[in-house]
Structures are given as structure tokens and as C-alpha cells.
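If you read the sequence shown in numbering that gives the first Met the number 0, its first letter stands for residue 0, the second for the next number, and so on. A virtual CB, placed ideally from N, CA and C, is assigned to each residue, including glycine. Note that this is a predicted model, so its numbers are computed, not measured.
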Amino acid sequence: MSNGGQAGKSSTSFHFVAGLGSGILSAVLLQPADLLKTRVQQSGHSSLLATIREISKSPNSIRSFWRGTLPSALRTGFGSAIYFTSLNALRQNVARSNLLRSIGAIDKKALPSHSSALPKLSNLANLTTGAIARAGAGFILMPMTVIKVRYESSYYAYNSIAGAGRDILRTEGLKGFFAGFGATAIRDAPYAGLYVVFYEQSKKRLSLLVHKVPIAGELSKGMKGSTSASINFGSGILAAGLATALTNPFDAIKTRIQLQPRKYHNIVHAGQKMVREDGFKSLFDGLGIRMGRKAVSSALAWTLYEELIRRAEHVWTHTEVSARAL
0 MSNGGQAGKS STSFHFVAGL GSGILSAVLL QPADLLKTRV QQSGHSSLLA
50 TIREISKSPN SIRSFWRGTL PSALRTGFGS AIYFTSLNAL RQNVARSNLL
100 RSIGAIDKKA LPSHSSALPK LSNLANLTTG AIARAGAGFI LMPMTVIKVR
150 YESSYYAYNS IAGAGRDILR TEGLKGFFAG FGATAIRDAP YAGLYVVFYE
200 QSKKRLSLLV HKVPIAGELS KGMKGSTSAS INFGSGILAA GLATALTNPF
250 DAIKTRIQLQ PRKYHNIVHA GQKMVREDGF KSLFDGLGIR MGRKAVSSAL
300 AWTLYEELIR RAEHVWTHTE VSARAL
């Protein structure tokens, strides 16, 4: 989408499908990194190399690195679908709101770059809409998140996803499926908000560097698909790296709570206990893995999503023009 006015042409269902596809693809490709992050964070003592060696010694080493792929793909796929659909709806409402427009929620200075599938909003509006959309998606998918983390961990010997679900329900009740939601929300909401802010700002600046004609009027001719995708992917990597580093402590705390809910009671208790027993560095366990995985997965998911939406809007516009010509 090139601007807020055109941003709403593709249907809500297509935003859902585009988000679903991009989420599943990134989850499957990067499952080994997600599993390694969980294993490193579960103890706070194992190094990345030691964890890789341990998994490699298992009978089915290659398959072991993709343990938990199904719950991860379902969680990430549907999470991305719900997130992108919600984010698009929120941003469209903000872009159309005269009240929010009057208080500066719209970025009037933004170039109408065709690399974006989102309306141009202010940093505060980007932060808020991203955080709200992610928190909502996170709550809906929380049961699958808990099952995924438990299934990936070596603490539990679950033979199937259904078995994991039954065990959690039997031993902890329904609340067990929402263990660590507080830490997850505090991690994901700021992460998503910061990501959208950094992502949009990075695209704006990369567009100025890449384009030979950075004049708004001349940009109306459009941007080549390859250039658009490159800008989106590069912006995704930069945004994910920054947002991940700022929110990693909540990710480490969330993992401990979900794996050992009887030992770690809540966010504050878990954080204090981790620092006291394992040192301040335990809050940044798995940072390198998470940063690498998030950078690639977010960049891949957003680039694919924006490209699908861009192509859909191109087809939509072409169809409208053809219909009017008849």
C-alpha cells in the first residue's frame, strides 16, 4: 500500500491469509533457533554450543532440532494472522479519525513510499497500535504458546501436543495454559510497538538512501518490487534487533515461569529470583539466539506480508480500472 488512503482496498480476509502464510513459513524455517533459545533459557547455565552438542547427541539429531515445529507453526502462523489483521484495522481507524489526525497521529511528512503496506502514522500511533494488536493476539494464542515452550523443553517428556495439553489441564487447570501471560504481554506489547516504530522509521530513511528521486511527487511513479522487498527486509532486521535487545529480560522471565510455574510465581518474583540465583546476566540469556531469530523471522514475515498485500492491491487497482473502462 502506498498510503493511508489506499491501504484499505485489500480485504480483511486477505490480510489474515497473508499474515498466516508469512508466519508459518518463518516459524518452520527458524524452529531450531527457537528450540535452542528455550533450552538455553530453561537453566541459565548452559551455553549455546553446549546445548547444540547435547541435542546433536540424540538418536534423531536433525529431527530433534525441529521438535515442537507444529505448535510453533500454529502459534506463529495464527498469531501473525490475527496480529496483522488487527494492526491493519487499528491503523485504518486511526488514519480515518479526524480527531486523531488533528492531534498529530498521522505522519504528514512521510514520503508516499510504495514499500509500505501500512498507513503513515506518527511514532506514538505506531507504538500504540502495534502494542495493542500484539497483546490481543498474544492472549488468544497463549495456550498454544505454553504448550510449545513445554514441548520444546527437556523438562517435560511429552510424546504429543495433545498429551501436553491434557497434562497441563490435569495438573494445573485452565490457568496453566496462561502461565507467564503477564511477562509475555509486557514483552510482546512493547516489542511490537517498538518494532513498528523502528520499522517505519528505517523504511523512511532507507528509501531516501536508495531512491535517486526522493521527491514525494516523483515517488508516485512507484517502486520496483525488488527494491521494495529489499528495503522492507533490511528495515525488518534493524527494527527486530533493536526491539529484541530492549525486551529480552521479559522473554527470559516468561520462559522460566512457563517451564517452572511452581518455582517462579509471577513476573517480579521470577525476576528477583533469577537475579539472586543466576545473576543479572540471566535476564539476557538467549539474547543472541533470540535477536538472530527475531531479526530473520520478523524481516521475513513482514516482507512477505507487505509483498502479498502490495501485489493484491495492484491486482485490485487493475481490476477496478478495467471495470471502469468497460
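Contact between the stretch 227–235 and the stretch 261–276 is absent: fewer than three C-beta pairs spanning the two stretches fall below 8 Å.
Counting along the chain, R165 sits inside the alpha helix (DSSP H) bounded by residues I160 to E171. L34 and H14 have their C-alpha atoms some 28 Å from each other. For the options M143, G172 and F177, the alpha carbon positioned closest to that of A161 is the one of M143. The alpha-carbon of S57 is positioned some 10 Å away from that of I51. Boundaries of the alpha helix (DSSP H) around G18: T11 to L28. The C-beta of E306 has 16 or more other C-beta atoms within 10 Å across all chains shown, which makes the residue buried. Cα atoms of R310 and R74: separation of roughly 26 Å, rounded to the nearest angstrom. It is roughly 16 Å from the alpha-carbon of I236 to the alpha-carbon of T246. Less than 8 Å separates the beta-carbon of G78 from that of L140. Restricting attention to Y155, A239, K147 and K174, the CA atom closest to the CA of V196 is found in A239.
For K202, the uninterrupted alpha helix (DSSP H) run begins and ends at F180 to V209, by DSSP.
Separation of the CB atoms of G76 and A132 is rounded to 16 Å, and the pair is thereby denied contact status at 8 Å. With contacts defined by Cβ atoms closer than 8 Å, Y304 and A242 do not form a contacting pair. S63 and Q30 have their alpha carbons spaced roughly 10 Å apart. With fewer than 16 other Cβ atoms from the protein chains shown falling within 10 Å of its own Cβ, E276 counts as exposed.
In this structure, G179 places its C-beta atom within 8 Å of the C-beta atom of Q257.
Between the alpha carbons of N158 and A294 lies a gap of roughly 31 Å.
Leaving aside the five residues that flank G233 on each side, the residues in its chain whose CB is nearer than 7 Å to its CB run, in chain order, L205.
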